[in-house]
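Chains as they are written, first to last, in the numbering used here: chain A, 11 to 346; chain B, 11 to 346; chain C, 11 to 346; chain D, 11 to 346.
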């Protein structure tokens, strides 16, 4: 059960509602986000919802049968839009493209990518400065210094940036140099990280776990939301299966299922989802027809020279072709 | 290595080529299909291909590095078209829709479906008369008698039919009442069935195994082709993974990968691939943008009354919407 | 519901029971096996079982909540023993070893293996004469001629044989030269094959499907049993997962789960289950402690020369070590 | 390549070795652990190892073809023993049992468990004080205060404790109240956590990821080792597969494979691995025969009242039976 509280609710009114919940054996979890205040009641008993409905301080009450609550479409029917400023937003009435290299490699690489994106009206740049690597001996990214340079150049170009945060202690230093925090597939169930990202006022995109279920992804989003941050985006990036002809198995089924279950925007990452450069285009277009609100793709001026993921990275010509086809496909979907 | 033989090759010429192959430690598998004659050489040594090239009786030679040979796009670059007659064909320059009930339920069900398909210019009807069922106590289909009625009515309507063959002994009795044999996901590696289907002159559509790899699907097609039947179609229908929010995980990655590896047509079955009625539409359109040459969908006049698979079956209104959207999506793909 | 029928039941008595079942909306499936006669009632209504219990011709009635019935331990609590004759049997009070080459390779190979087995008191020899192969160009086994030679030599040595049957048409020709039919992992859901194996009076061992569930294995056994053949053995041989460090993932969880759910004997095949020669020993012993009634292992006089599966095949010395350790482990288990 | 350095190596000698490595295009990663100092050289060129071997300051050089280095058995053939003090150690010459509740629930629960363990000579108690929970609304454990009480009581009882650490900021506060840090299955690839655990002098047990590969587990151990901590234990706890008859699929294949690849001790967790109380015993014994150096099991005075995981938790009687059978099984294995 989600109880939306009125703005001017008094502490006494809130206590009374909480006491009422306890009296029917419901726990009461208080959530205050950038946008509103909620009480999340968790319990089993059925009772007459009107008993609560008449209490002062309550703006609305929703019974949500899903185990996750705040991210469920059962109470918030209208889709969430994430406003990044400067006329850039992510959500159902807009098609978002996030493009850029796997790893941020230096000023030249940043500058070249920003020019490419600007020319093609792509408003969000992706790139890693902290890289999760299986082996401790691999390149782990440029870190905060790289991020600061990137952010400065991106601001000048009017482009927003998304990059991965790997641990709690990075959140604060990154805060002033970032537009969207990305939670990577290895951290989808790093609950402490999710808790802390719930306390900030900045959009967060959560990738599905390497073999995470759709429900687990929604629960992870519930962590951030119940921590106080409603600015959430989900991302399908392929799951681990027995099939080794592709890097991962892009589970496009997840897109219509997520769009039905949650009001949050859903992005697809076909670069990781198939892992084969030549097939990123068709899988991007397939993602759009499946209902994705946007795509995230790896692009590099010379993929064969990229620090990482070159085999799934598009060059600029391929990328331009992708942007155009993707926009046409999105327009068709909207017209159907 | 695939050696295409000339039409008028003499037995002596063929023997000489075979001897030559044996002399370099290659096995020689003779294949004669409806369309041509081939020698498939399997071996490891490198040698000068020109030694073979000048031998009489040879029309062309192709080195194929894939382990499957005849189904590989490495020797036959142009896509295979399957001609069903009456102007109906399946392949890359055409978009095919196969629609109908999960199980053929009787004359009324057939008649109703045929009218629906005819009105909407869908030329191929799907339906099961032999049903593979996990439990021996479940309905197993109407069998040959049902097939005969269905075939007669479909012929009158100008519509082709595709249905599943489950065992070798059914091939011959079904032959006169069928346009395409379907090999189901539980029989993808029923090698005896594949062998026998190689001996007939009728199209065969092979579904990917329940947890079959892309390579295994190609090998299964190689069985039929090397048995003598080139009229082959492949079908992606979802794989078994840990994710239980959908019936199967429709692996759309498989579509561009298959289209690159083989010259055979590739169909997608989103009904089984996601198993949720409301999401069959987006997954159909996604399949098309991924590159599918056609889709197979379950349609019933009253899905809630269907003998089987009702939860993933469209009613006629939903189906009409699907056909239209699918055709628009296919046209967009062709225009890109 | 399983209704065990009395031996002397009259057709009229049986009809009356069937009519009674129909009157409460239960289907009635008649099953007559080598051992008994049953009516399997499938339905949903609850009713007073005593209404049936007093009808003449009924020996016993069991309510079975599982979806599979005859193979369930819910009605037949005591474990099934499969008697192969000559004092050899498979089941819970006995530890069975089945050993031999992947493929039967010829008389010398047979003779050498039989001597090795005899010397070590192993009473069942495994080996393939029909080999399911992914590629149509691979060696497919010696066929019926090989089987006849093998059978003759094995009889002389006092050893029973188990070999794979791949299709319906092989059942009858193999019948006189075989002690146990094996249904391979690619045929676990070849329902026609299972149906036909239900009609014969000879033990059948069904391997779990390549990505088959435990329930599907039980259903496949139900096919054979309901066809009339109670002489059934199940085999865990590893499932397909994302992990590629082993050939398959031997799912030893399946063993205690199967032993709880069914009265049928359960064999483990660690050779296929891990696919690495050095680790077949520990996985055999682990299988025994998990509760297996026997093990099936690949053994060859010179594994590096074996026609197939050499990398998972033991030589004779390794095999002798395995037999001894396995017997000690089994004895420990029985003593706990 | 692993270069073991002499204790008294001078900075100049080390610089010379590093320069030599750079001159052949090898990177040089310095690692100093509680036990020794190493240079890990990563590169591709073959060269004459004797060129390095004669340089002063080098104690030994090992070419390791695995991608992970320090945890590989290719250089350290003898098994690592983890000494916990008071005569308690974990490793190949010893059989370890770790038992206790899923969550530490309070003083009474601790006291009862400690008495049970002491009586049965089990020297390591498991239990969670920080619980990773899919839902943010679930019980998350007693935290540091609970740990302090537990540690005090365990010290009095002469019992060591293992508990999960979920994030970097918990490492330091936990340090004085813990014997083994456990890294949970959701944190196996939390590389920052692994890095920080590399900097402390306290044993760490890493669980395999929920769908982690064997290689990924070894890489995660390499993170900790290369950070400076050699006191490492690995744990197989089941992987996520399509099979839902068990909670996870306990991959016992992983045990002999890990024991061959690494010198680190390997523990099995059958409680999570099968998730069914009645089957924890056979899967424990199977783990031992597969080669496990110990087992971790969930035990509670009243499983049906446990805060979490009750369905897979043993009561004390069942546990006593397990300890005895496990010890007999271990003794058998050692005798073979």
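We put the CB at the ideal spot given by N, CA and C, even for glycine. Note that this is a predicted model, so its numbers are computed, not measured.
When 7 Å is used as the limit between beta carbons, residue 251 of chain C is near these residues of chain A: 252, in chain order. In the DSSP assignment, residue 72 of chain C is bridged to C:12. Residue burial annotation: residue 66 of chain C is exposed, with fewer than 16 other C-beta atoms found within 10 angstroms of its C-beta. Taking 8 Å as the cut-off, the Cβ atoms of residue 156 of chain C and residue 96 of chain C do not count as close.
When secondary structure is reduced to three states using DSSP, residue 199 of chain A falls in the coil class, being assigned neither helix nor strand.
With its beta carbon less than 8 Å from one in chain D, residue 293 of chain C belongs to the interface.
Runs of the alpha helix (DSSP H) lying entirely within the stretch 209 to 250 of chain B and spanning at least 4 residues, in chain order: 224 to 237. Between the C-alpha atoms of residue 295 of chain A and residue 152 of chain A there is a straight-line separation of about 32 Å. If you ignore the 5 residues before and after residue 14 of chain D, its C-beta comes within less than 8 Å of the C-beta of 46, 47, 48, 68, 69, 70, 71 and 72, all in its own chain and listed in chain order.
Around the beta carbon of residue 32 of chain D, fewer than 16 other beta carbons lie within 10 angstroms, which makes this residue exposed. A residue is called buried when at least 16 other Cβ atoms come within 10 angstroms of its Cβ; residue 266 of chain B meets this threshold and is buried. Residue state for residue 299 of chain D is assigned as helix, using DSSP reduced to three classes. One Cα belongs to residue 327 of chain C, the other to residue 322 of chain A, and the distance between them is close to 49 Å. Along the stretch 197 to 231 of chain B, going in chain order, the ones with a CB nearer than 8 Å to a CB of chain A are 221, 223, 224 and 225. In the three-state reduction of the DSSP assignment, residue 253 of chain A falls in the coil class. If you look at residue 136 of chain D, you'll find it in the beta strand (DSSP E) that goes 134 to 136. Assignment of residue 286 of chain B by DSSP, reduced to helix, strand and coil, places it in the coil class. DSSP places residue 92 of chain C within a strand segment (E or B) once states are collapsed to three. The shortest C-alpha to C-alpha distance from residue 340 of chain B to any of B:330, B:318, B:300 and B:310 is the one to B:300.
Residue 260 of chain D sits in coil when the DSSP states are folded into three classes, being neither helix nor strand. For residue 109 of chain C, the enclosing beta strand (DSSP E) has its first and last residue at 106 to 110.
Taking the CA atoms as reference points, residue 189 of chain A sits about 11 Å from residue 241 of chain A. In this structure, residue 149 of chain C sits away from residue 252 of chain C, with a CB-CB distance that is not shorter than 8 Å. Where residue 97 of chain C is concerned, there is no enclosing alpha helix (DSSP H), because DSSP gives it neither an H nor an E. Relative to the Cα of residue 284 of chain C, the nearest Cα in the group C:262, C:184, C:268 and C:257 belongs to C:257. Taking a contact to require three or more Cβ pairs closer than 8 Å, the stretch 178 to 186 of chain A and the stretch 197 to 209 of chain A qualify as touching. Interface flag for residue 329 of chain C against chain D is unset, since no Cβ pair is found closer than 8 Å. Proximity of chain D to residue 318 of chain A at the Cβ level (cut-off 7 Å) is not reached, the minimal Cβ distance being about 15 Å. Per DSSP, residue 336 of chain A has no beta-bridge partner at all.
In the three-state reduction of the DSSP assignment, residue 27 of chain B falls in the helix class, which pools H, G and I. For residue 147 of chain C, a Cβ of chain B is located within less than 8 Å of the residue's own Cβ. In this structure, the straight-line span from the alpha carbon of residue 165 of chain A to that of residue 329 of chain A is close to 22 Å.
By the criterion of at least three beta-carbon pairs nearer than 8 Å, the stretch 110 to 122 of chain A is in contact with the stretch 132 to 143 of chain A.
Among the residues facing chain B, residue 184 of chain C is not included, as its CB has no counterpart in that chain under 8 Å away.
Per DSSP, reduced to three states, the secondary structure at residue 306 of chain D is strand. In this structure, the straight-line span from the alpha carbon of residue 22 of chain A to that of residue 76 of chain A is close to 30 Å.
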